[in-house]
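Heads up, the thing below is written out as structure tokens.
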Amino acid sequence: MPGTGPRAKYWSFTLNNYTPADIDRLSSATSTAEIDYLIFGREVGASGTPHLQGTVCFQSRKRLQQVTTLIGRAHCSVTRHLSQSIEYCKKDGDFSELGNIPTETSSGRKKGNSDLEEFKQSVKEGVTDPVELRELHSDICARVPRFVREYVDDHRPKPTTECHPLRNWQASLNESLRRTANTREIIFVVDKTGNQGKSWFARYYCELHDNAQIVVPGRKADMAYVINEESKVFFFDCPRSK
């Protein structure tokens, strides 16, 4: 299914019964802006099948479908240890090497980057699917699952609240919230019928003001934990049944 599967910069591939056209295509692959480095070794398997054993480094993370589009017909898989994968391609001595190898440590990670920083970079690049994150950053997801959930939530695109003219009570509340806070006052808005725009106004106000927060009713300890100390306005969005 399109759009699924892990994304990665480094991939290994095996191309069986390769042709001169395959060699030509791979040899010119680094002329594109997509690929930084490519190596492929010419090998013959135990069954006598000639094949190419290769490793490719892209400038940005790619999914399997994108990799096969650029590399061609081949079995491709994500490379976890780049240096080992490159050496494996060289083992028979007959290989072609193009481009520049990314600077990395022996673990296959760029120098200066920790596992946590690699995870954070993935999320910033748009990787938020839990299955994909567990595949790419298994250790981080296992060690700090709560941080993983919160960091992903922090970087999800925020839904946009549809705007419309404020109702009279909303305009009055909006004006009250603009005034200096009274430490001895809590504003209650009670809606006996429902669907009068309480939740909408809370979302609307929070989108316009960084110092506002919606708090969902729950256990006292849980509510205290989610409070942002930088917030000045809190909306406790309670259903009528409460």
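The letter at position 174 of the sequence shown is residue 174 when you use the UniProt record's numbering, and the numbering goes up by one with no holes.
Heads up, the beta-carbon is just placed ideally off N, CA and C, and yes, glycines get one too.
As the structure is a prediction and not an experimental result, all values here were calculated from the model.
Nearest to residue i by CA position, among the options, is which residue?
| i | options | result |
| --- | --- | --- |
| I23 | D191, T103, I71 and T79 | I71 |
| V189 | F147, F236 and L166 | F236 |
| K232 | G218, L116 and L177 | L177 |
| G218 | L208, C238 and S172 | C238 |
Would you tell me roughly how many angstroms separate the C-alpha atoms of residue i and residue j, rounded to the nearest one?
| i | j | result |
| --- | --- | --- |
| S12 | Q66 | 14 Å |
| E230 | A224 | 13 Å |
| A74 | D36 | 19 Å |
| F58 | Q121 | 16 Å |
| R156 | T128 | 8 Å |
| C76 | C141 | 25 Å |
| V123 | D210 | 22 Å |
| R7 | E135 | 9 Å |
Give me, in chain order, the residues of the same chain whose beta-carbon lies closer than 6 Å to that of residue i; leave out the 5 immediate sequence neighbours on both sides.
| i | result |
| --- | --- |
| D94 | R42 |
| Y10 | C57, T79 and L82 |
Using a Cβ-Cβ distance under 7 Å, would residue i count as near chain D?
| i | result |
| --- | --- |
| E43 | Of the chains in the structure shown, none is chain D; there is only one protein chain. |
Are the CB atoms of residue i and residue j nearer to each other than 7 Å?
| i | j | result |
| --- | --- | --- |
| F40 | S96 | yes |
| Y88 | L52 | no |
| T161 | Y204 | yes |
Which same chain residues, not among the five before or five after residue i, have their C-beta less than 7 Å away from its C-beta?
| i | result |
| --- | --- |
| V226 | V215 |
| G99 | T30, I35, D36, Y37 and L38 |
| L116 | I140 |
| V152 | V123 and T128 |
Could you check how far apart the C-beta atoms of residue i and residue j are, in whole angstroms? I think they sit under 8 Å.
| i | j | result |
| --- | --- | --- |
| G197 | R167 | 6 Å |
| I187 | L173 | 7 Å |
Leaving out five residues on either side along the sequence, give the residues of the same chain with a beta carbon under 8 Å from the beta carbon of residue i.
| i | result |
| --- | --- |
| G54 | S12, F13, T14, L15, L26, L38, I39, F40, G41, I71, A74 and C89 |
| T68 | A74 and C76 |
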